[in-house]
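Please read the structure below before turning to the comments.
Number of protein chains: 2
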Amino acid sequence: MTPRLEIALVRDLPPFSGIDEKSLRDILDMARASRVKVGERVFEQDGEAREFFLLLDGNIRVVKLTPDGEQVVPRYISAGELFGIARALNMETYPASAVAASDCVVLSWPTAVWDGLVAKHPTFATNTYRTVGKRLAETQQQVVELATARVEQRVANAILKLANQTGRRTPEGILIDFPVTRQDISEMTGTTLHTVSRLMSSWEDLGWVKSGLKMITLVEGHKLVLVANGVKPDKR
Amino acid sequence: MTPRLEIALVRDLPPFSGIDEKSLRDILDMARASRVKVGERVFEQDGEAREFFLLLDGNIRVVKLTPDGEQVVPRYISAGELFGIARALNMETYPASAVAASDCVVLSWPTAVWDGLVAKHPTFATNTYRTVGKRLAETQQQVVELATARVEQRVANAILKLANQTGRRTPEGILIDFPVTRQDISEMTGTTLHTVSRLMSSWEDLGWVKSGLKMITLVEGHKLVLVANGVKPDKR
DNA sequence: CGAAGCCTTGATGCGCCTCAACGTACGTGG
DNA sequence: CCACGTACGTTGAGGCGCATCAAGGCTTCG
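As they're listed, the protein sequences go chains C and V.
The first sequence begins at 1 in our numbering and counts up one residue at a time.
The second sequence begins at 1001 in our numbering and counts up one residue at a time.
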C-alpha cells in the first residue's frame, strides 16, 4: 500500500489556506500523487473531466486548439495551483489540454469527490472560487490586451508574467525556470515565432534580456515594463 | 411599502431553475427592483461590489476601460442573466462597468446576503457557478479568436453572437433588438469603427445583412457563418 | 555523426489602422 | 415646425506593423 501523503506538502499552499490539519488529512487521503514527464499530457481538451488536480512541482502549459489546428496558450500553471477544475463550474469536459512544460508532480482527485469535499470543507470551496475569479479576471485582461495592445507590448508582458510567476534569481537576472521556446511565447500572444525572435533579439542587443535555447533571463525588467505599457523608446 | 415581487417574473429563468417556490419567495424578498434608462450605468469598474444583479428586461453592455482610455466590450448581458456577481468569486470590486444598452429593469441584492443565500439554497449556488463556468469558457474562446482570427471573422462572429442572444425574427430577417453602433461592434472585436463600417457595407451590398442607424438585421446568417469560419468567398 | 528541433535574419506584401472629409438621421429648442 | 447641432455612418488615400515566404546556422540527442 502507498504511504500517506505528507500534510506538509500542501499545508502552506493558497488553495488550502485556513484549513485545519484534520480536514487537510481528510482531503489528502482522497488524493493520488503522480509524476508527469515533460511533454506528457495531464488531460486532453474536450475529454471527460474525471479528475481535478493540484500541481505540487513543475510547470503546466494550458493549451487550446483551434478548429483549424492552431494552438493558443491562455496560461501557465505553476507549483501550488489547482488546475483542471472544470467540475467546480459544473462542466463535464476540460476546456483545454494540460501539457507538462517541465517534469511535474501532481495530486489528483476523482471528480466524484468534489461535491462532498466542498460541502464538508467550505473554506476549500471559498479558496477555489477565489482562484476561479482570479483566472476569469486574468483572462478578461488578456482579451483587453489582445484587443488593444501591439505585439511588442504583448510579448513584453508575456515574458514579464512568466518571470513573475516562476522566475528564479540568478547573478545575471531573473531566469524563467523551465524551457520556453519562441513558439510558446508566440502562442501566448497571438503572433508568430518570427516576430517574437526579432523582438527578443533586439532586446538582447539592448541588454534587457539574455536568451538561449529554450531559456530566457530577464536582465532589466523595468525596461520591459515600459515596452509593455506602450512607451516608445526615446523618440529624439 | 413596496409590493412583493412576483415569483412568476423569475420562476422560469435559468438562474432559478430547480428551485422550489418557497425558496424563490425567500430569495425574492431580499431583492429590490429598479429601472435603468439607456446609457445609464448600473455599476462602475473598480467600484466596491455592494450588490449583485439579475437583468429582468433590456440589455446590458459590459465595458472595460484600458489605462490609456480605450474601451473593450467583453460581453453583452441579456434578459434573464445574472451579472455583477463579483462576490460569488470573492472579489471586492467589479472588474468592469455595466451600461444599459437599452432601457432595463434589474433586480438587485445586497452583496451581504450572498453567503447566506448560497448556504440556504445550494441549487442557486450551483446554477450560478455554472454561469460563471460558461462565461469563463466564452472569455477564453474570445482570447483564441482574437489571437488567431482575422478582423473579418471576428466581426462576423460578433454579429452572429448578438443575433443569437437577442435576435428577433422579422420579415426581413433576424433583427438585433437594441441599438448597436459600428463603434460598439469594433469594441467587441478589437478593431476600428471604420473597418466595421466597410465590412458591413460590403455585406449589405451582397444582401447578407441590412443595417441602418444603430440597427442591424441579419438576412443570410449562414453566409456570415462562413465568413466567421474563415471561408474565403469563392476563389475562382 | 546525422537528423531533428530550435533560432535568426532578410525580402516582400497585404491587412488593417490612421487621417481626413463629407453625408445623413436624430432630437432639441427657438 | 423648421433650423441647427450633434452623433452616427460612409468612403477614400496612404502607410505601417506584422505575417508570410525563404534560407541558413546552431544545439542537442539518439
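Every residue, glycine too, gets a C-beta built ideally from N, C-alpha and C.
From the DSSP output, which residues share a beta bridge with C:Arg168?
Walking along the first sequence from the start, residue 168 of chain C turns up at place 168. According to DSSP, C:Arg168 shares a beta bridge with C:Leu175.
So, do the stretch 36-44 of chain C and the stretch 96-105 of chain C have three or more beta carbon pairs nearer to each other than 8 Å?
The stretch 36-44 of chain C is in contact with the stretch 96-105 of chain C.
As an exercise, report each continuous alpha helix (DSSP H) stretch of at least 4 residues that is fully enclosed by the stretch 2-29 of chain C, in chain order.
List check, alpha helix (DSSP H) in window: 21-28.
If you draw a straight line from the alpha carbon of C:Leu146 to that of C:Thr189, how long is it in whole angstroms?
Position 146 of the first sequence holds residue 146 of chain C. Position 189 of the first sequence holds residue 189 of chain C. Counting only the Cα atoms, C:Thr189 lies some 8 Å from C:Leu146.
Just curious, the alpha helix (DSSP H) that C:Ile182 is in, first and last residue?
Looking up residue 182 of chain C in the first sequence gives position 182. A small fix is needed here, since residue 182 of chain C is Arg in this sequence, not Ile. That run of the alpha helix (DSSP H) goes 182-189.
Environment of C:Ser211 [buried if 16+ CB atoms lie within 10 Å]:
Indexing the first sequence from 1 puts residue 211 of chain C at position 211. Under this definition C:Ser211 is a buried residue.
Alpha carbons only, please: which of V:Ala1112, V:Gln1045, V:Ala1163, V:Gly1084 is nearest the one belonging to V:Thr1128?
Here the question's residue 1128 of chain V lines up with position 128 in the second sequence. Closest by alpha carbon: V:Gly1084.
Give me the subset of the stretch 1145-1163 of chain V whose CB atoms are less than 9 Å from a CB atom of chain C, sorted by chain position.
Hits within the stretch, in order: Glu1145, Leu1146, Ala1147, Thr1148, Ala1149.
Could you list which residues in chain C have their beta carbon closer than 9 Å to that of V:Glu1081, in chain order?
Taking the first residue of the second sequence as 1, we reach residue 1081 of chain V at position 81. What V:Glu1081 touches in chain C: nothing, since even the nearest Cβ is about 15 Å away.
Leaving out five residues before and five after V:Lys1235 in sequence, what residues of the same chain have Cβ atoms less than 7 Å from its Cβ?
Here residue 1235 of chain V is taken as the residue at index 235 of the second sequence, counted from 1. Unreliable positioning characterises V:Lys1235 in this predicted model, as indicated by a pLDDT of 40, which lies under 50. A coordinate reading is not provided.
Expressed to the nearest angstrom, what Euclidean distance is found between the alpha-carbon atoms of C:Thr195 and C:Ser201?
Numbered from its first residue, the first sequence carries residue 195 of chain C at position 195. Numbered from its first residue, the first sequence carries residue 201 of chain C at position 201. For C:Thr195 and C:Ser201, the distance between alpha carbons rounds to 10 Å.
Looking at the structure shown, is C:Val219 part of a helix, part of a strand, or coil, going by DSSP?
Looking up residue 219 of chain C in the first sequence gives position 219. Correct three-state label for C:Val219: coil.
Other residues of its chain near C:Arg87: CB distance less than 8 Å, five sequence neighbours each side excluded
The residue labelled residue 87 of chain C in the question sits at position 87 within the first sequence. Closer than 8 Å at Cβ, skipping near neighbours: Ala49, Phe52, Thr111, Trp114.
Mapping the DSSP letters down to three states, classify C:Glu40 as helix, strand or coil.
As a position in the first sequence, residue 40 of chain C is number 40, starting the count at 1. The DSSP-derived three-state label of C:Glu40 is coil.
Using a C-beta cutoff of 8 Å, does C:Lys235 count as contacting chain V?
Counting from one through the first sequence, the residue named residue 235 of chain C turns up at place 235. Residue confidence is low: C:Lys235 scores 40 on pLDDT, short of 50, so the model does not pin down where it sits. Its coordinate-derived value is still stated next. Judged by the 8 Å Cβ criterion, C:Lys235 is not in contact with chain V.
Hey, does V:Glu1040 have any beta-carbon neighbour from chain C nearer than 8 Å?
Working through the second sequence from its first residue, we reach residue 1040 of chain V at position 40. When Cβ-Cβ separations below 8 Å define contact, V:Glu1040 makes no contact with chain C.
Would you verify that the beta carbon of C:Thr66 is, or is not, closer than 8 Å to some beta carbon of chain V?
Your numbering for residue 66 of chain C matches position 66 in the first sequence. True, the Cβ-Cβ gap to chain V drops below 8 Å.
Given that a residue counts as buried once 16 or more other Cβ atoms are within 10 Å of its Cβ, and exposed if not, what is C:His121?
Taking the first sequence and counting its residues from 1, the one referred to as residue 121 of chain C is at position 121. C:His121 counts as buried, since no fewer than 16 other beta carbons sit within 10 angstroms of its beta carbon.
Pick out whichever of C:Val143, C:Gln71, C:Val73 has its Cα sitting closest to the Cα of V:Gln1071.
The count along the second sequence starts at 1 and reaches residue 1071 of chain V at position 71. The candidate whose alpha carbon is nearest that of V:Gln1071 is C:Val143.
Beta-carbon proximity of C:Gln45 to C:Lys22, cut-off 8 Å:
Taking the first sequence and counting its residues from 1, one reaches residue 45 of chain C at position 45. Taking the first sequence and counting its residues from 1, one reaches residue 22 of chain C at position 22. Cβ atoms of C:Gln45 and C:Lys22: not closer than 8 Å.
Of all the options C:Ser186, C:Ser78, C:Val155, C:Gln165, which has the alpha carbon lying nearest to the alpha carbon of C:Val209?
As a first step, residue 209 of chain C is located in the first sequence; it is residue number 209 there, counting from the start. The residue with the shortest Cα to Cα distance from C:Val209 is C:Val155.
Spatially closest choice to C:Thr191 from C:Val73, C:Arg35, C:Arg11, by CA coordinates:
For the purposes of this step, residue 191 of chain C is taken as the residue at position 191 of the first sequence. Among C:Val73, C:Arg35, C:Arg11, the Cα nearest to that of C:Thr191 belongs to C:Val73.
Between the stretch 1173-1199 of chain V and chain C, which residues of the former have a C-beta closer than 9 Å to a C-beta of the latter?
So the close ones are Glu1187, Met1188, Thr1189, Gly1190, Thr1191.
8 Å Cβ cutoff, C:Gly116 in contact with chain V
As a working note, residue 116 of chain C is residue 116 in the first sequence. So, not an interface residue.
Return the Cβ separation of C:Ala33 and C:Val151 in integer angstroms, given the expectation that the two are a contact with Cβ distance under 8 Å.
The residue given as residue 33 of chain C occupies position 33 in the first sequence. The residue given as residue 151 of chain C occupies position 151 in the first sequence. With a Cβ gap of about 40 Å, C:Ala33 and C:Val151 do not count as contacting.
Can you tell me the Cβ-Cβ gap for V:Arg1168 and V:Leu1175, rounded? I've got them flagged as a contact below 8 Å.
If you number the second sequence from 1, residue 1168 of chain V lands on position 168. If you number the second sequence from 1, residue 1175 of chain V lands on position 175. A Cβ-Cβ distance of about 5 Å is found for the pair V:Arg1168 and V:Leu1175, placing them in contact under the 8 Å criterion.
Contact set between the stretch 72-103 of chain C and chain V, restricted to residues whose Cβ is under 8 Å from the partner
Taking 8 Å as the cut-off between beta carbons, the residues of the stretch 72-103 of chain C near chain V are Val72, Pro74, Ala86, Ala88, Leu89, Asn90, Met91, Pro95, Ala96, in sequence order.
In this structure, what does DSSP give as the bridge partners for C:Trp109?
Here residue 109 of chain C corresponds to residue number 109 of the first sequence, with the count starting at 1. Paired residues: C:Phe52.
On the three-state DSSP scale, how would you describe V:Val1060?
The count along the second sequence starts at 1 and reaches residue 1060 of chain V at position 60. For the sequence presented, residue 1060 of chain V should be read as Ile rather than Val. If DSSP states are grouped into helix, strand and coil, V:Ile1060 belongs with the strands.
Taking 8 Å as the limit between beta carbons, can you name the residues of its chain near V:Val1010, skipping five residues before and five after?
Residue numbering aside, residue 1010 of chain V sits at position 10 when the second sequence is read from its first letter. Apart from the 5 residues on each side of it in sequence, V:Val1010 sits with its Cβ closer than 8 Å to the Cβ of Phe1016, Leu1024, Leu1028, Leu1054, Leu1056, Leu1107 in its chain, given in chain order.
Are there 16 or more other CB atoms within 10 angstroms of the CB of C:Val227, so buried, or fewer, so exposed?
As a first step, residue 227 of chain C is located in the first sequence; it is residue number 227 there, counting from the start. Answer is buried; the Cβ neighbour count reaches 16.
Might you give, ordered along the chain, the residues of its own chain that have their beta carbon closer than 6 Å to the beta carbon of V:Ile1077, omitting 5 neighbours on each side?
As a first step, residue 1077 of chain V must be located in the second sequence, where it is residue number 77. Only Leu1055, Ile1060, Phe1083 meet the Cβ criterion.
Tell me, to the nearest whole angstrom, how far the beta carbon of C:Ala125 is from that of C:Val118; I am working on the premise that it is less than 8 Å.
As a working note, residue 125 of chain C is residue 125 in the first sequence. As a working note, residue 118 of chain C is residue 118 in the first sequence. Distance from C:Ala125 to C:Val118 at the Cβ level is roughly 4 Å; contact confirmed, criterion being Cβ atoms closer than 8 Å.
When you compare only the Cα positions, how much space is there between C:Asp251 and V:Glu1006?
Shown here, chain C extends from 1 to 236; a query on residue 251 of chain C therefore has no answer.
From V:Arg1198 to V:Gln1141, what does the alpha carbon distance come to, in whole angstroms?
Your numbering for residue 1198 of chain V matches position 198 in the second sequence. Your numbering for residue 1141 of chain V matches position 141 in the second sequence. Cα to Cα, V:Arg1198 sits roughly 25 Å from V:Gln1141.
What is the DSSP secondary structure of C:Val73, reduced to helix, strand or coil?
Stepping through the first sequence from its first residue, residue 73 of chain C is reached at position 73. Residue state, collapsed to three classes: strand.
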